[in-house]
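The next block holds one structure in the form of structure tokens; read it before the comments.
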Amino acid sequence: MIDNIATKDRGKHFSFLVRQAITNSERHQIATVAAGTGMSYHAFYQRLEGKTPFSADEIRRIIACFPEPSLVSYLLKDTAYVAAERIDAERSDEEEAIYQAAHRIVFEASDVLKVVDIALRDHRIDHRDITSITKEIEDAERSLISLREYVSTLK
């Protein structure tokens, strides 16, 4: 659905993705994300409806207050870039941060294996399976890149 986007409709599809992500979120609501971006509820909702496109600065503020990886992945799709989450740790917590990040990679990789196993139960992979597998691979990639970037700062 999102993959077959005409360039002229990109703003509307991004709006759809933001709205879907907020709706599916258990921790955020439209009103809290609107407030976090510094927009009124009405102005934010106009953008979610696709009536007004988000500006680049508004997109940056959305990502800052509502750190949803699918939004960044959408913006970087078909580019040479992959989104990575920053690992913040005090100098005294470096070992724990590396430990947690490495375990996260294992969990994300096991999620890839899980969706592949589910997809192959009927001995074929359909478009829904591809979407699920791709999402889990992107999550695992983000975890790997996040750890790599964090470790490179320790030099």
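5 is the number of the first residue of the sequence shown in my numbering; add one for each residue after it.
C-beta atoms are modelled at their ideal positions from N, C-alpha and C, and glycine is treated no differently.
When rounded, the separation of the alpha-carbon atoms in Leu124 and Ala113 is 17 Å. Here Val116 is not near Glu89, since their CB atoms are 7 Å or more apart. Around the C-beta of Leu52, 16 or more other C-beta atoms lie within 10 Å, and the residue is accordingly described as buried.
The beta carbon of Glu62 sits closer than 8 Å to those of Thr41, Met43 and Arg51, all from its chain and outside the five residues before and after it, given in chain order. Counting the other Cβ atoms within 10 Å of the Cβ of Ala84 gives fewer than 16, which makes it exposed. Each residue's CA atom was taken as its position, placing Val37 and His17 some 18 Å apart. In the three-state reduction of the DSSP assignment, Tyr85 falls in the coil class, being assigned neither a helical nor a strand state. For the 7 Å CB-CB criterion, Tyr78 and Leu151 do not form a contact. Counting along the chain, Thr157 sits inside no alpha helix (DSSP H), nor does DSSP assign it H or E at all.
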